[in-house]
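The working numbering applies: residue 3 is where the sequence shown begins, and numbers increase by one. Single-structure report; data block below.
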Amino acid sequence: MAKFLVYALQGIIVLLCLNCQQTIAAEKAAFYLNDENNKQHPVLNHIEMLEIPSGEFMMGSHDVMFAKPAHAVKVAAFKLSKNEITYELYDIFVKSTGYDTPMDSWGRGKQPVTNVSWYDAQLFIKWLNHVIRPEKPYRLPTEAEWEYAARAGTQTAYWWGNHTGRNRANCSDCANPWYRQTVPVGTFAANPFGLNDTSGNVYEWVQDCWNNHYEQAPQDASARLTGNCKYRVIRGGCWFFNHKEIASASRTWNTATKRDSTIGFRLAQD
């Protein structure tokens, strides 16, 4: 009986500690929610949103697994962050709220943040919208928006052409000085829309649920929220995999709770 009481008491203490941690994080977040100077908040120094013009494009490819059928999609104008979210930006969120600090393997600063799940990205965005109170809320891009912006008016395998070339992107066989590690955002040339690292460096979470085909996919660039929503789409390829993964039409998935050194994200706005 005494041993049972000891275990029960230990359990209560653990629960109390967890509640204390959650309360502290909430209080830290509330401090920023009540900040009257949000327009000068330091996170704004790390976000550059680019205008992506409206248009229509052929999404997918008849030659790429999971990207069939190729189909026409109309896209309204929207904004997308020039760069993938960096550690230096994400760390402001962590410091402000007490949320989990993501691991890094090659430094922080201008490196793209990794080891963040789809849910982590959503919490970061929720916090950012409370802090900045933008006229148009930040969000993840839809998969169609992402591909439209990555192609930037092209229909070739990559935005620069049909061959990987040299020093165009960060992947395992992309012929650059780095091998299987992330590089600081903006290391390579931007695409015609001005976006960095839409091919390679890290995969990027988008809003959509996973489907292994484009049958009955939206034609208005909205997110596809049917299918297997336990898994979310990731786009763009990464440092660990080869050139096939960084093609504009290439797509794959991961569990929404997965934190991995190959996955990050970028922001979108209407």
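Virtual Cβ for every residue (Gly too), placed ideally from N, Cα, C.
Within its own chain, the residues whose Cβ lies closer than 8 Å to the Cβ of glutamate 90, once the five positions on either side in sequence are excluded, are His48, Arg110, Gly111, Lys112, listed in chain order.
In the DSSP annotation of this structure, phenylalanine 95 is not part of any beta strand (DSSP E); the continuous alpha helix (DSSP H) holding it starts and ends at 89-99. The Cβ atoms of glycine 202 and isoleucine 87 lie no closer than 8 Å to each other.
Membership of isoleucine 134 in the alpha helix (DSSP H) is indicated by the continuous run 120-134. Alanine 74: not part of any alpha helix (DSSP H); member of the beta strand (DSSP E) spanning 73-77, first to last residue. Looking at the DSSP output, glycine 202 sits in a beta bridge with Asn172. Listed in chain order, the non-local C-beta contacts of phenylalanine 126 below 7 Å within the same chain comprise Tyr92, Phe95, local neighbours out to five positions each way being set aside. Tyrosine 150 counts as buried, since at least 16 other C-beta atoms from the protein chains shown sit within 10 angstroms of its C-beta. For cysteine 231, same chain residues with a beta-carbon under 8 Å away, outside a window of 5 residues either side, are Cys211, Trp212, Ala258 in chain order. By the Cβ-count criterion, glycine 238 is buried, with 16 or more other Cβ atoms from all chains shown falling within 10 Å of its own Cβ. Cβ-Cβ distances below 7 Å link alanine 171 to Phe190, Ser201, Gly202, Ile248 in the same chain, with the five nearest sequence neighbours on each side left out; the list follows chain order. Cα atoms of threonine 99 and glutamate 137: separation of roughly 23 Å, rounded to the nearest angstrom. For arginine 182, the closest alpha carbon among the candidates Asn244, Trp207, Glu217 is that of Asn244.
By a beta-carbon distance limit of 8 Å, threonine 184 contacts tryptophan 108. Their separation comes to about 5 Å. Counting along the chain, the unbroken beta strand (DSSP E) around arginine 253 starts and ends at 253-257. Ranking Thr144, Ala123, Val204 by CA distance to the CA of leucine 227 puts Thr144 first. In this structure, arginine 261 lies near valine 118, with their beta-carbon atoms less than 8 Å apart. Assigned with DSSP and collapsed to three states, glutamine 183 falls in coil, not helix or strand.
Looking at the backbone, the Cα of threonine 156 and that of methionine 61 are separated by about 11 Å. The three-state secondary structure of proline 194, taken from DSSP, is coil. Looking only at Met105, Val75, Glu50, Val133, the smallest Cα-Cα distance to glutamine 42 is reached by Val133. Residue environment for serine 250: buried (at least 16 other C-beta atoms within 10 angstroms of its C-beta).
In the DSSP assignment, tyrosine 233 falls within the beta strand (DSSP E) that extends over 230-237. Nearest in C-alpha terms to glycine 229, of all of Cys240, Tyr216, Asp222, is Tyr216. When DSSP states are grouped into helix, strand and coil, arginine 153 belongs to the helix group.
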